[in-house]
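Here's the structure, in structure tokens; my notes come after.
Number of protein chains: 2
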Amino acid sequence: LAAEDGPALLAILDPLHAADIADLVEQLPEDERDTFVRLYGDKFDGEVLSELDERLREDVVHAMEPAVLAEAVRVLETDDVVDLIEDLDDPQTEAVLEALDDDDRVVVEQSLSYPEESAGRLMQRELVVAPDHWNVGQTIDFLRSQDDLPEQFYHVILVDPRMRPTGYVTLGRLMGSAREVPLTDITEESFRTIPVLQDEGEVAYAFNQYHLISAPVVDADERLVGVITIDDAMAILDEEHEEDILRLAGVDEESSLSDKIVDTTKRRFPWLAVNLVTSILASLVIAQFDEVIAQFVALAVLMPIVASMGGNAGTQSLTVAVRAIATKDLTSANLWRVIWREAAVGLVNGIIFAVVMGVVGVIWFSTPLLGVVIAVAMVVNLVIAGLAGVIIPVVLDRMDIDPALASGAFVTTVTDVVGFFAFLGLAAVLLI
Amino acid sequence: LAAEDGPALLAILDPLHAADIADLVEQLPEDERDTFVRLYGDKFDGEVLSELDERLREDVVHAMEPAVLAEAVRVLETDDVVDLIEDLDDPQTEAVLEALDDDDRVVVEQSLSYPEESAGRLMQRELVVAPDHWNVGQTIDFLRSQDDLPEQFYHVILVDPRMRPTGYVTLGRLMGSAREVPLTDITEESFRTIPVLQDEGEVAYAFNQYHLISAPVVDADERLVGVITIDDAMAILDEEHEEDILRLAGVDEESSLSDKIVDTTKRRFPWLAVNLVTSILASLVIAQFDEVIAQFVALAVLMPIVASMGGNAGTQSLTVAVRAIATKDLTSANLWRVIWREAAVGLVNGIIFAVVMGVVGVIWFSTPLLGVVIAVAMVVNLVIAGLAGVIIPVVLDRMDIDPALASGAFVTTVTDVVGFFAFLGLAAVLLI
Chain A
3 LAAEDGPALL AILDPLHAAD IADLVEQLPE DERDTFVRLY GDKFDGEVLS ELDERLREDV
63 VHAMEPAVLA EAVRVLETDD VVDLIEDLDD PQTEAVLEAL DDDDRVVVEQ SLSYPEESAG
123 RLMQRELVVA PDHWNVGQTI DFLRSQDDLP EQFYHVILVD PRMRPTGYVT LGRLMGSARE
183 VPLTDITEES FRTIPVLQDE GEVAYAFNQY HLISAPVVDA DERLVGVITI DDAMAILDEE
243 HEEDILRLAG VDEESSLSDK IVDTTKRRFP WLAVNLVTSI LASLVIAQFD EVIAQFVALA
303 VLMPIVASMG GNAGTQSLTV AVRAIATKDL TSANLWRVIW REAAVGLVNG IIFAVVMGVV
363 GVIWFSTPLL GVVIAVAMVV NLVIAGLAGV IIPVVLDRMD IDPALASGAF VTTVTDVVGF
423 FAFLGLAAVL LI
Chain B
3 LAAEDGPALL AILDPLHAAD IADLVEQLPE DERDTFVRLY GDKFDGEVLS ELDERLREDV
63 VHAMEPAVLA EAVRVLETDD VVDLIEDLDD PQTEAVLEAL DDDDRVVVEQ SLSYPEESAG
123 RLMQRELVVA PDHWNVGQTI DFLRSQDDLP EQFYHVILVD PRMRPTGYVT LGRLMGSARE
183 VPLTDITEES FRTIPVLQDE GEVAYAFNQY HLISAPVVDA DERLVGVITI DDAMAILDEE
243 HEEDILRLAG VDEESSLSDK IVDTTKRRFP WLAVNLVTSI LASLVIAQFD EVIAQFVALA
303 VLMPIVASMG GNAGTQSLTV AVRAIATKDL TSANLWRVIW REAAVGLVNG IIFAVVMGVV
363 GVIWFSTPLL GVVIAVAMVV NLVIAGLAGV IIPVVLDRMD IDPALASGAF VTTVTDVVGF
423 FAFLGLAAVL LI
């Protein structure tokens, strides 16, 4: 690449899958990326473009010649074009739309009229339907007579005369059945329609839960408007998980390794700011006990242990609870049982670590009462951590706030404040 | 359920999908679960069983009548049976195996001979192949003449005379092509084989990366032994993500809401024990400076802020790095750039928060030098947090240790130790 050797580059890239080429581009430093786009030139096809990370895509599209771009998008299916342009800015969107055929442009514009992250954005319009009164023979003859079948399709969707889907038949069953069998006899049990406005996270959940391969998308009148296939659902599932992991760690869910330093700093800043405020709260609790600490510096030495154990236990409960909410395993039916369990687990682990730390405290500082103080604080803190770890995400979820995003800050604040208060307050009573 | 009303229960459950019934069972308290199994009786089918959480499954199988169990597993596809019995104990495995037909039993036993979590365990044996010299017409006639085609299949796999897969054709393309077209002209570009011993995580990655719908599995001689479909890959992707999230939080990856209190306590304990040791390390650092703290109690008040900011910044870098390693976005090609970026981000955020905390420190305790101390400590700690957050997971990964599992403890230790040392050490130099 440094040698600007175009033909050599092409020779290397030729056998690679578009997804791997996109990964390579993502790993290039910014200045080399433009060189790459220039050298790769008109071989840069739509597939690579749609595999690219969203934020890079804008830069790359910007660096591409308009003619190359137009050619690149023309080969894509309409759902990929929608996915491609929803992240571009207006002039670029215009350029891509103009490159499309009239038919495709209408379809893409229709998809863009659905809200972001809805089933409508995800679905493809290329689909294969048959009237639900047909039999196998009629359907096979019909399919064989078509010359513009979609490249990828796995089911034939049955529709009633008003275009409402009533079932679907896999191509495999169609192939394996006698010509006179009515289609309605060989439909799949797993048939489920998806409302066009449904959130894409719910769509991915439905595919995973019910093992769907494809599902028809319907509008408010139950009429068929498109189809979503499992590969799109899998990509969404992957994205949603990624978001959850990053949010739990207090990182903006759109973070990526190819972000610039300024962007990354901005994305990390808010959570650190929240954390600063909550840790100042904890400091204020400590400040109430400054005279106790001045007399017993051992308290200052042991303080981080109380905070750290509480924080960790809280994060454990919290993560389990957030995941259980996301997978719909935590419901009002078992909520009280789960809360009770977390408190009990906190109690048991609290007692074990209380004994350990009590002994350590006594030996280290040869003050038996100090051992009692840290032991009791440990039990209180771990029980509270267990309770806060479940209750806070559940409450946030009921308030329609994403528990993955906000729970961490609240739980740590609770464990820090309660932990320091229990530890130092008890010390003030017992040691002075 | 409390009324032991069997017929009413059946009436409620009848319209539900097996996955939803399994979710219901998972939410029942332990004693009601047995009642459920008894009442649901012989309607308890294999589908529900294979949707159940692994740990519950053992209890439920135990509670089922042998005849009901035998009937239940007989309707399952072989890959589901494998998935079902790999978590059961020996006598139960025997009981299930005996319930199978001879053919199926051989297939299941063969699958079980592959290592756990390998492609061999995941694949199904039911597959549809065609010699690669056939044309569309021959293939369609062949498929139409078979009467035991698998229930779900989407591709016909082309094989050479030695049963090595050479490509695959979607049923859709087959339907849409003229009879005389050779199969080799309409194969999919995305064709990829999967070695039978490949780790299931790698399999899921390949499906997601290359948008595969199904992929032939081959043995060491490249011969076809089975096929993996995208729905299984999606389930694995989901599991792997779940594991990563739980591991990052220091929770055993097999945790589940239906665990008993004792189990949960045991699963949470090890990480808390590790955390206790590392937080004692931090305490030892503080203990070195006990005289400084005795003179300036303000230091004890501010200490948690330094620790907490460092810990949070470290977790942010760490999570991004662990994810980037998992998705293969962090490689030796961009490692140095990423390390440099994390350090720079830490520096910029460090400076911002240093200014804020410096001012807070000065106003709160009216000691300008204390403001300088906390400001400098903040910068040092956030830069170190950024560096440790990337370097530690990368090093663990190179040592073949799962970075999601172990990085947290190391990173927090580093940020705590460095943070306290910088803060208190600087205070010792400047304030005394």
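From first to last, the protein sequence lines are chains A and B.
Each number in our numbering comes from the position in the first sequence (counting from 1) with 2 added on.
Each number in our numbering comes from the position in the second sequence (counting from 1) with 2 added on.
Glycine is no exception: its CB is placed at the ideal position from the N, C-alpha and C atoms.
{"Item": "Contacts of A:Gly252 in chain B (Cβ-Cβ under 8 Å)", "Value": "Asn314, Thr317, Gln318"}
{"Item": "The region 312-332 of chain A in contact with the region 380-398 of chain A per 3-pair CB rule at 8 Å", "Value": "yes"}
{"Item": "Opposing strand residues paired with A:His497 [DSSP bridges]", "Value": "This structure leaves residue 497 of chain A out entirely; chain A is present only between 3 and 434."}
{"Item": "Contacts that B:Ile232 makes with chain A (C-beta to C-beta distance below 7 Å)", "Value": "Ile232, Asp233, Met236"}
{"Item": "Amino acids of chain B, ordered along the chain, whose beta-carbon sits closer than 7 Å to that of A:Lys244", "Value": "Note that residue 244 of chain A is Glu in the sequence shown here, rather than Lys. Chain B residues near A:Glu244: Arg325."}
{"Item": "Helix, strand or coil at B:Leu274 according to DSSP, with G and I counted as helix", "Value": "helix"}
{"Item": "Contact set for B:Val84: own chain, Cβ-Cβ below 7 Å, skip 5 residues either direction", "Value": "Val110, Ser113, Leu114, Arg123"}
{"Item": "Distance between beta carbons of B:Asn137 and B:Arg181, contact taken as under 8 Å", "Value": "7 Å"}
{"Item": "B:Ala335 - DSSP class collapsed to helix/strand/coil", "Value": "coil"}
{"Item": "is_contact[A:Leu15, chain B] using C-beta, thresh 8 Å", "Value": "no"}
{"Item": "Beta-carbon proximity of A:Thr141 to A:Leu71, cut-off 8 Å", "Value": "no"}
{"Item": "Helix, strand or coil at A:Gln200 according to DSSP, with G and I counted as helix", "Value": "coil"}
{"Item": "Limits of the unbroken alpha helix (DSSP H) element including A:Gly252", "Value": "Run containing A:Gly252: none; DSSP gives neither H nor E here."}
{"Item": "is_contact[A:Ser52, chain B] using C-beta, thresh 8 Å", "Value": "no"}
{"Item": "Pair within 8 Å by beta-carbon distance, B:Gly373 and B:Gly352", "Value": "no"}
{"Item": "As assigned by DSSP and simplified to three states, the class of A:Ile307", "Value": "helix"}
{"Item": "Nearest-angstrom Cβ-Cβ length linking B:Asn383 and B:Gly427, presumed shorter than 8 Å", "Value": "With 8 Å as the limit, B:Asn383 and B:Gly427 do not qualify as a contact, their Cβ atoms being about 12 Å apart."}
{"Item": "Spatial distance of A:Val220 from B:Glu224 (CA atoms)", "Value": "44 Å"}
{"Item": "For B:Ile231, the first and last residue of its enclosing beta strand (DSSP E)", "Value": "The question names Ile, but residue 231 of chain B is Thr in the sequence shown. Its beta strand (DSSP E) spans residues 226-231."}
{"Item": "Backbone CA spacing between A:Leu337 and A:Ile327 [nearest angstrom]", "Value": "10 Å"}
{"Item": "Pair within 8 Å by beta-carbon distance, A:Ile215 and B:Met236", "Value": "no"}
{"Item": "Which of helix, strand or coil DSSP assigns to B:Val131", "Value": "strand"}
{"Item": "Integer-rounded CB distance, given that B:Ile365 should sit under 8 Å from A:Ile343", "Value": "According to the sequence shown, residue 343 of chain A is Arg rather than Ile. Incorrect: roughly 45 Å between the Cβ atoms, too far for contact."}
{"Item": "Contact list for B:Arg343 against chain A, beta-carbon separation under 9 Å", "Value": "Leu259, Asp261, Lys262, Ile263, Thr266"}
{"Item": "Among A:Ser334, A:Phe355, A:Leu58, A:Val227, nearest to B:Ile282 - alpha-carbon criterion", "Value": "A:Phe355"}
{"Item": "Which of helix, strand or coil DSSP assigns to B:Pro184", "Value": "strand"}
{"Item": "Through-space distance from A:Val131 to A:Met165, alpha-carbon basis", "Value": "9 Å"}
{"Item": "Supposed close pair B:Val308, B:Phe425 - CB separation, criterion 8 Å", "Value": "5 Å"}
{"Item": "Short CB-CB distance (under 8 Å) between B:Phe271 and chain A", "Value": "yes"}
{"Item": "First through last residue of the alpha helix (DSSP H) which encompasses B:Ala406", "Value": "405-433"}
{"Item": "Presumed contact (8 Å Cβ cut-off) between A:Ile196 and A:Ile230, rounded CB distance", "Value": "6 Å"}
{"Item": "Distance between A:Leu349 and A:Glu191 (C-alpha atoms, nearest Å)", "Value": "47 Å"}
{"Item": "Residues from the region 140-164 of chain B in contact with chain A, defined by Cβ distance under 9 Å", "Value": "Ile142, Leu145, Arg146, Gln148, Asp149, Asp150, Leu151, Pro152, Glu153, Gln154, Phe155, Tyr156"}
{"Item": "Local Cβ density within 10 Å of B:Val375, reported as buried at 16 or more and exposed below that", "Value": "buried"}
{"Item": "Start and end residues, alpha helix (DSSP H) containing B:Pro218", "Value": "Here B:Pro218 belongs to no alpha helix (DSSP H); instead the beta strand (DSSP E) covers 216-220."}
{"Item": "Where A:Pro1 falls: helix, strand or coil (DSSP)", "Value": "Residue 1 of chain A falls outside the range modelled here, since chain A spans only 3 to 434, and no answer is possible."}
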